[in-house]
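Q: Okay, here's the structure, questions in a sec.
In our numbering, the protein residues as written are 5 to 170.
Okay, here's the thing in C-alpha cells:
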C-alpha cells in the first residue's frame, strides 16, 4: 500500500494538468455501444474479458504443468538475494498458480520470507493480462510492470537481508 500511495502521489504531482483517459476510449475500441445502456455494455465487457482470461489461464496452466512445480521450486531453492529476483519474475506470471507455488514452497521451508514476499507482491493475478488487453500503450504497460517488479525485488531483498522470519 505504501508503494501504491507513493506512486500515486508522484504521478498526480507530475501530471496534475493533464486529463486522464476516459472509459469512452475503451468502449469505442471494444465497439460495445455503452450509450445504449450500462447493463448490455457491462455484459459485453465481462464476456470479452472472461474469454480472454480463460484462454490465457488455460495456456499458462499447460506451461506450468510441462515445466513442473518441482523444477520451479528447485530453481528458487535457497538462493540468497537471487531468490527475490527469481521469485519476482515468477510472480509476474499472470495466474494464481504462481502464487500457489511460491506459497507452497515457503510453507515447505524451501524459500525464505523475503523470496515469498517478493513473488507475492509482484503477482497481480490476471490483472496484468487485462492491463495489456485494455491499455494499448505498450511503453506505459512495460513501465508499470517494471515498477511492480522492482518493488517486489527491493522489498524481498530488504526482508531477506533484515532476517525477518514468521
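For glycine and all other residues, C-beta sits at the position ideal for the given N, C-alpha and C.
These numbers were taken from a predicted model, which means no experiment stands behind them.
With distances taken from CA atoms, which of 55, 160, 111 and 45 is nearest residue 124?
A: 160
Q: Please state whether DSSP places residue 114 in a helix, a strand or coil.
A: Residue 114 sits in coil when the DSSP states are folded into three classes, being neither helix nor strand.
Q: Just to confirm my understanding: we take residue 98, look at its own chain, exclude 5 residues before and 5 after, and list those with CB closer than 6 Å. What are they?
A: 130, 132 and 133
Q: Here's a check: name, in chain order, each residue in its chain whose Cβ is nearer than 8 Å to the Cβ of residue 153, leaving out the five neighbours to either side.
A: 92, 93, 96 and 126
Q: Less than 6 Å between C-beta atoms, sequence neighbours within five positions excluded: which residues of the same chain meet that for residue 139?
A: 145
Q: Suppose contacts are defined by Cβ-Cβ distances below 8 Å. Is residue 117 in contact with residue 169 by that definition?
A: Yes.
Q: Classify residue 109 as helix, strand or coil using the three-state DSSP reduction.
A: helix
Q: Run the CB neighbour count on residue 5, radius 10 Å, all protein chains shown included, and call it buried at 16 or more, exposed below.
A: For residue 5, the number of other beta carbons within 10 angstroms of its own is below 16, and it is reported as exposed.
Q: With DSSP collapsed to three states, give me the class of residue 51.
A: helix
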